[in-house]
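For the protein sequence lines, the chains are A and B, in the order given. Taking the working numbering, the leading residue of the first sequence gets 1, the next gets one more, and so forth. Taking the working numbering, the leading residue of the second sequence gets 1001, the next gets one more, and so forth. Glycine included, every Cβ here is placed at the ideal spot set by N, Cα and C. Just below is one structure, and these are the notes that go with it.
Number of protein chains: 2
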Amino acid sequence: MSLPRFSGVLAPVITPFKDDLSPSAELLSSHCRWLLSQGAGLAVFGTNSEANSLNINEKRKLLDSLCEADIDPNRLMPGTGACALSDAVELTAHAVQLGCAGVLMLPPFYYKGVPDDGLYAFYSEVIQGVASDRLQIYLYHIPPVAQVGLSLALIERLCADYPDTVVGIKDSSGDWHHTQQLNELDIEDFRVFCGSETFLLQNMQAGGAGCISATANVNPTAIHDLYEYWDSSDADQKQEKLNQIRAIFQSYPMISALKAATGIYSGESSWMRVRPPLLPLSDEQQQNLRTELEQAAFQMPDI
Amino acid sequence: MSLPRFSGVLAPVITPFKDDLSPSAELLSSHCRWLLSQGAGLAVFGTNSEANSLNINEKRKLLDSLCEADIDPNRLMPGTGACALSDAVELTAHAVQLGCAGVLMLPPFYYKGVPDDGLYAFYSEVIQGVASDRLQIYLYHIPPVAQVGLSLALIERLCADYPDTVVGIKDSSGDWHHTQQLNELDIEDFRVFCGSETFLLQNMQAGGAGCISATANVNPTAIHDLYEYWDSSDADQKQEKLNQIRAIFQSYPMISALKAATGIYSGESSWMRVRPPLLPLSDEQQQNLRTELEQAAFQMPDI
C-alpha cells in the first residue's frame, strides 16, 4: 500500500531565535500554526529556515517540540539532508519516528564535483540506514546554493531503485526548463515542486505538485489560492500579483527580509534575528521594506 | 604572555573507516603517530580528512581517543569550523579543553554571497562562545571547495580585534599571488600556511610558516625536509621532486588516492574506504597509482 504524498504549497519555515541566538520553539510552533491555517504545509529546516545554521540536536529538539505542540506530522516535511551521512541518517530516522509524512533531502554539499555514483551511494546509505517503509524522501535540487546538484539520470536511478521511498523533488534551480524536464520524467506519481511561486502556474499546467517557496512564509494565502485555482480564468493575474510581492522580498537578502516582514506584521520583534553568517536587515532596510509592502497593499492576515 | 604558534608541515590527516563506515579511532591514532615520527603536525578534521562527512559527535570522540592514545595535543590543529555556529562553538571548546594548540576554522559554507560582516560575526560569536585565552584560531581559506572565502579586509579586522586568538591562516586558494598578499599583511607574527607543498619554497622565501597539505599524509618526510632546509642550495630540486609526487596524486580524486596509497604501503586495506559522496579508487585506478608511484621511486617509510 503506498503512502499519501505531498502536494500543494509548503513554506520552508523561518526559524525564530531568542536573544542568545538559540531557537525559539514556542514562536516556531505559533508560526507553523498560522501557516497551516493559511493552507501551507511545513517544510521546516529548509534553506530559508537557516537549517544549515542549526546543528542536529537543535533540529531534533525543534521537531520534538512541534509534535508536542500538536502540529500535525502529516503536514511536516523537514529538511534532513546534511554533509555528514551520520547526521542525515539520524535526523531522517528521527523525523520518520515522529510520523513526518516526508523529508526534504539536500545532497551532501561540502565536497564539489563529486560523481553521481557517490551521491547515489549517499542517498542509498541513508535509506538503508533509516530502514523504514514509512520513509518518503523529496530530493532537494538547489545548485545556486548547494553547488552540488542532482542530475536527471541520478534522480531516475534513485526512483527506479527506491520507488516507494524517493517520491518527489523540490527544484530550486531557478530554471523553468529544468522543472519542465522533471515533470516529463517517466516516473509514476513523482511529485515535482518548484522552488519559487514564480513558476507555480507553469508547474501546475505541466502537471507539477505545487511549490515550496521562501515567500510562502509571508504570503501563503495568495500562493495557496493560485495553487487551488490555477485553472481558473484569472490565474495569470494572480500569478502576476504573486510575482510582484516576491520581487519586493527578492530585492533584499531574502531570509532577513522574510523575518523582518514577519516581525513587522506580528509585532514580535525577535523575528528580526538571524544567525551569522547572515545579518538582519538594517533599520533603514526594514523601513523601506515596510513602505514597499504597504504600497503593494500587502498584508499578512491574522498573524 | 603569548602562546606558542604553529609552524612547519601539517597533514590534514585522512580518516580511516571500518566496514560499517564508522571511523576507526585506532587506525587514526596509528597514522597520527607515524606522521609525528616523520615531522608532520596533525591538522585532523581538514578537507582531506573528510571532516565534513563526519558529525560533531564522531569528531568529539575521535579527538578524545587521540588524546587518550597519548598523541601530543601541542601537535594537534583540528578543523572545527562548521555551517552551524552551535557546532563550531562546541567542537572548538572541546578542542581547547583537550589542550589542542590551535584549531583550523572554515567559515560557514552553506549560504553563499554572505557579507564580510556576517562572517566576522560568526568568528566573533565562536570566540566569545568559547571564551578561553588558550584558544588560537588559524583561519581556513579554501574558496575552490567552500565557495565562501575570507577577504583580506576581514582577516585584518579579525586579527586587529582578536590579536591573541586569530593567529594564522591556511591558504588553499591555489593562487600564489594571494598567499604572497597574506604574507605581506602587517599583522604581528601572523602564520601563513600554504595549502599545498607546491608553494612551500615560495612561501618560506616570503616569510611564511610552512604548509598544511593533503599529500603530507603520504609524503611527509620529503615535504618536511624541504621545510627544514628551504634555504639550502638544492631546495629547487627538492621542490621539483615534491611537485612530481603531488602531480601523481592530483591526477586522481585526491582523498581516495591518499587513502589508496596509505592502504597499499601499510598493507591495511581498510584505508581504501571513503564515505559517500566520495568513492574509493577502482581496482584499476589503484593499480595505476601503484605503478606510477613505483616509477617515481616513491615510498612511505616505515608505515
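Chain-ordered chain A contacts of residue i [CB-CB under 9 Å]
i: N1048 of chain B; result: Per Cβ cutoff of 9 Å: no residues; N1048 of chain B is ~10 Å from chain A at best.
Short Cβ contact (8 Å threshold) for residue i with residue j
i: G1079 of chain B; j: G1041 of chain B; result: no
i: N1052 of chain B; j: A84 of chain A; result: yes
i: G1168 of chain B; j: F1006 of chain B; result: yes
i: D1171 of chain B; j: F1193 of chain B; result: yes
i: T15 of chain A; j: L54 of chain A; result: yes
i: L281 of chain A; j: A257 of chain A; result: yes
i: H1308 of chain B; j: R1060 of chain B; result: As shown, chain B starts at 1001 and ends at 1303. That puts residue 1308 of chain B outside it, with no answer to give.
i: L308 of chain A; j: Y123 of chain A; result: The structure shown does not extend to residue 308 of chain A, since chain A is modelled only from 1 through 303, so no value can be given for it.
i: L1200 of chain B; j: Y1229 of chain B; result: no
i: L27 of chain A; j: E268 of chain A; result: yes
i: E1197 of chain B; j: T1215 of chain B; result: yes
i: I1155 of chain B; j: L1185 of chain B; result: yes
i: M1272 of chain B; j: A1260 of chain B; result: yes
i: I303 of chain A; j: Y265 of chain A; result: yes
i: A11 of chain A; j: P301 of chain A; result: no
i: V89 of chain A; j: V44 of chain A; result: no
i: L35 of chain A; j: C67 of chain A; result: no
i: A206 of chain A; j: R191 of chain A; result: no
i: L1139 of chain B; j: A1101 of chain B; result: no
i: S1270 of chain B; j: S1065 of chain B; result: no
i: E292 of chain A; j: I248 of chain A; result: yes
i: V148 of chain A; j: K1112 of chain B; result: no
i: R1275 of chain B; j: F1017 of chain B; result: yes
i: P107 of chain A; j: G129 of chain A; result: no
i: S86 of chain A; j: E1058 of chain B; result: yes
i: T47 of chain A; j: I137 of chain A; result: no
i: A1297 of chain B; j: Q1244 of chain B; result: no
Proximal residues of chain B, C-beta to C-beta of residue i below 8 Å
i: L278 of chain A; result: Y1111, V1114, G1118
i: P301 of chain A; result: Within 8 Å Cβ-Cβ: nothing; P301 of chain A doesn't reach chain B, min ~30 Å.
i: P108 of chain A; result: N1052, S1053, P1276, P1277
Where the beta strand (DSSP E) through residue i begins and ends
i: G168 of chain A; result: 166-171
i: R1191 of chain B; result: 1191-1194
i: A1011 of chain B; result: 1008-1011
Alpha helix (DSSP H) segment containing residue i, residue limits
i: E294 of chain A; result: 283-295
i: W271 of chain A; result: Looking at the DSSP string, W271 of chain A is not in any alpha helix (DSSP H), and its letter there is neither H nor E.
i: T179 of chain A; result: 176-183
Proximity test, residue i beta-carbon vs the ligand NAP heavy atom, cut-off 7 Å
i: F1298 of chain B; result: For the structure depicted, the ligand NAP is absent and the ligand set is empty, with no information on it obtainable.
- [ ] Identify every run of the alpha helix (DSSP H) within the stretch 1079-1161 of chain B, keeping only runs that are complete inside it and at least 4 residues long; order them along the chain.
- [x] 1085-1097, 1116-1130, 1143-1146, 1152-1161
- [ ] Give the residues from the stretch 80-92 of chain A that approach chain B closer than 8 Å (Cβ to any Cβ), ordered along the chain.
- [x] A82, C83, A84, L85, S86, D87, E90
TODO: Please name the residues in the stretch 53-69 of chain A whose beta-carbon is closer than 7 Å to at least one beta-carbon of chain B, in chain order.
DONE: S53, L54, N55, I56, E58
- [ ] Using a Cβ-Cβ cut-off of less than 7 Å, give me the residues of the stretch 1114-1148 of chain B that come near chain A, in sequence order.
- [x] Contact residues of the stretch 1114-1148 of chain B toward chain A are V1114, P1115, D1117, G1118, L1119, A1121, F1122, E1125, V1145, Q1147 (C-beta to C-beta distance below 7 Å).
Task: Under 7 Å (Cβ pairs) to chain A, residues found in the stretch 1251-1285 of chain B - done: Residues passing the 7 Å Cβ filter: R1275, P1276, P1277, L1278, L1279.
TODO: Mind listing, in chain order, the continuous alpha helix (DSSP H) runs of no fewer than 4 residues lying wholly within the stretch 24-81 of chain A?
DONE: 25-37, 56-68
Open item on the list: Please give the ranges of any alpha helix (DSSP H) in the stretch 1200-1261 of chain B, keeping only runs that are unbroken, at least 4 residues long and fully inside the region.
Closed with: 1200-1205, 1220-1228, 1235-1250
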